[in-house]
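Trainee: Starting off with a structure, shown below.
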Amino acid sequence: MTQEGTNLWFDYDGKGKELLVALSPTRFSWTGSIVEFGTTGDNGVNITIHYVDGTEVGARRK
Amino acid sequence: MEKARPKTRLSGQRASLSVCFAIVLAAGISLEAQWIKLQTPGLPRLPDGKPNLSAPAPQTSDGKPDLSGLWSNDGGDRYYNNITADLQVSDVAPWAHEIFMKRQLEFGKDSMETLCLPLGPAYLTTRFREFRIVQTPVLIMMAFDDGMHRSIFMDGRSLEPDPNPTWMGYSVGHWEGDALIVESNGFTDRSWLDFGGHPLSEALRVTERYTRRDVGRMDVQVTMVDPTIYAKPITFSMPIALQTDTEMLEGFCENHHKSRERMVSTKAGDIAQVSAVVLSRYVGPTTPPMTAGSISFT
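Heads up: the protein sequence lines correspond to chains A and B, in order. Counting in my numbering, the first sequence runs from 99 upward without gaps. Counting in my numbering, the second sequence runs from 298 upward without gaps.
Spelled out as structure tokens, the structure:
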């Protein structure tokens, strides 16, 4: 995840940065899929990607 | 901006007719696409019969690198998804970034793919199209599996300063040592530079540098200059790989409008304004990295 001002970009698997469009402070549209951020107990950030065909979960260490 | 200027260019039409004839002759191989057990003729082979892709690059009878063959991009989706992957938002004209944002929200419903239109400059980055290079001393042809083609004139002509804009543009080439240098202009601004929706202007100039490393691999260095939109040149390398012991299949576009009718855009009212401070919490890599191979759906 990279940021330029109020633009948030997602580079998934080296495919090149793609724009995340904010739908709320924690939910973003990613070319049709939904990227959702959550918090973990140790101040980390969870990332959940909701696809049409399922959900993928990753974590960003703080 | 969306309207192509009508001009007449008879010499170009004659050249196009010749080129189309050449393609029909060359594509006679691929259109059948029936020789699934036929080995590609002329390739150096290993003792087990497989193509020796590491053998030295072949040369033509006049000593130039021979780029002929069936090729496919081998560099992933990085620049096809976003041609500005190595630029900053501030390098893109604000009005152009707005167009890009609009196309993002519409999920590409007016993209070249959805509308069944030629990809234009995006042929350089897509890995979904194969193309055959047919090389002569005065003309190099690139024939794509969707029926489009590029003519790269090697006869010493220069690019026209104000050509009639087209989807594929106009190209001239020359050799610099073992590298083929191709310069192009005359692209219509109806086209997009990538699937994400970055626009281009008719001032776009593209320079490609093709270097065949060996039998199986070729490096393409691309520089796109469009100063009315992009403050910096867009530069990237795109490896391409020889497709061996196979033939090109037709890959035409049909009835995509049926999909388009069902595409739903993000509504403007659904977009939230989120502060840079909040966004900064999300910046950084994931641990472990999220990769396509690691996907497990729940």
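A virtual CB, placed ideally from N, CA and C, is assigned to each residue, including glycine.
Let me check one thing: in DSSP terms, what residues is His495(B) bridge-paired to?
Mentor: His495(B) pairs with nothing; no bridge assigned.
Trainee: Give me the subset of the region 471-496 of chain B whose CB atoms are less than 8 Å from a CB atom of chain A, sorted by chain position.
Mentor: Gly493
Trainee: I'd like to know if Lys523(B) contacts chain A, where contact means its C-beta is closer than 8 Å to some C-beta of that chain.
Mentor: Residue identity check: residue 523(B) is Asp in the sequence provided, not Lys. Answer no: the Cβ-Cβ gap between Asp523(B) and chain A never drops below 8 Å.
Trainee: Looking at the C-beta of Gln401(B), does it have a partner C-beta in chain A at a distance below 8 Å?
Mentor: yes
Trainee: Using a Cβ cut-off of 9 Å, which residues of the region 567-582 of chain B contact any Cβ in chain A, in chain order?
Mentor: Asp567, Ile568, Ala569, Gln570, Val571, Ser572, Ala573, Val575, Leu576, Ser577, Arg578, Tyr579, Val580, Gly581, Pro582
Trainee: My assumption, with CB atoms under 8 Å, is that Asp486(B) sits in contact with Ser498(B). Please give the rounded CB distance.
Mentor: Right, the Cβ-Cβ distance comes to about 5 Å (below 8 Å), so this counts as a contact.
Trainee: Using the beta-carbon count (16 or more within 10 Å), is Trp332(B) buried or exposed?
Mentor: exposed
Trainee: What span of residues does the beta strand (DSSP E) with Phe428(B) cover, start to end?
Mentor: 427-432 is the span of the beta strand (DSSP E), which, as asked, contains Phe428(B).
Trainee: Put Leu414(B) into one of helix, strand or coil per three-state DSSP.
Mentor: coil
Trainee: In chain A, which residues lie less than 7 Å from Ala354(B) when you measure between Cβ atoms?
Mentor: Those within 7 Å of Ala354(B) in chain A number zero; the least Cβ separation is about 28 Å.
Trainee: Where does Asp388(B) fall in DSSP's three states?
Mentor: helix
Trainee: Output needed in chain order: residues of the region 361-383 of chain B with a Cβ under 7 Å from some Cβ in chain A.
Mentor: Cβ contacts with chain A come from Gly373, Asp374, Arg375, Tyr376, Asn378, Asn379, Ala382.
Trainee: What are the partner residues of Glu116(A), as DSSP defines its beta bridges?
Mentor: Bridge partners of Glu116(A): Phe108(A).
Trainee: For Val386(B), which residues in chain A fall below 8 Å Cβ to Cβ?
Mentor: Within chain A, the residues near Val386(B) are Glu102, Gly103, Asn105.
Trainee: Indicate the three-state DSSP secondary structure (helix, strand or coil) for Met515(B) in the structure shown.
Mentor: strand
Trainee: By the 10 Å Cβ neighbour count, where 16 or more other Cβ atoms means buried, how is Tyr507(B) classified, buried or exposed?
Mentor: buried
Trainee: Using DSSP bridges, identify the partner residues of Tyr467(B).
Mentor: Asn482(B)
Trainee: Under 9 Å Cβ-Cβ, which residues of chain A neighbour Phe425(B)?
Mentor: Those do not exist, as Phe425(B) stays about 14 Å from chain A at its closest Cβ, beyond 9 Å.
Trainee: Should Ser468(B) go down as buried or exposed, given a rule of 16 or more other Cβ atoms within 10 Å for buried?
Mentor: buried
Trainee: Which residues bound the beta strand (DSSP E) around Tyr376(B)?
Mentor: No beta strand (DSSP E) holds Tyr376(B); the alpha helix (DSSP H) holding it covers 375-378.
Trainee: With DSSP as the reference, label Arg454(B) as helix, strand or coil.
Mentor: coil
Trainee: Roughly how many angstroms separate the alpha carbons of Gly417(B) and His446(B), rounded to a whole number?
Mentor: 10 Å
Trainee: Which residues of the region 552-565 of chain B have a Cβ closer than 7 Å to any Cβ of chain A? Give them in chain order.
Mentor: If the cut-off is 7 Å between Cβ atoms, the region 552-565 of chain B has Thr563 near chain A.
Trainee: Taking Cβ positions only, does Thr129(A) come closer than 8 Å to chain B?
Mentor: yes
Trainee: CB-CB under 8 Å to Pro530(B), same chain, minus the five flanking residues each way: which ones, in chain order?
Mentor: Correct list, in chain order: Thr520, Met521, Val522.
Trainee: Would Cys317(B) be called buried (16 or more neighbouring beta carbons within 10 Å of its own) or exposed?
Mentor: Low per-residue confidence applies at Cys317(B): pLDDT is 40, beneath 50, and the placement is therefore not dependable, though the value from the model is reported in the following sentence. Answer is exposed; the Cβ neighbour count stays below 16.
Trainee: Report the start-end ranges of each alpha helix (DSSP H) in the region 522-565 of chain B that is 4 residues or longer and not cut off at the edges.
Mentor: 553-557
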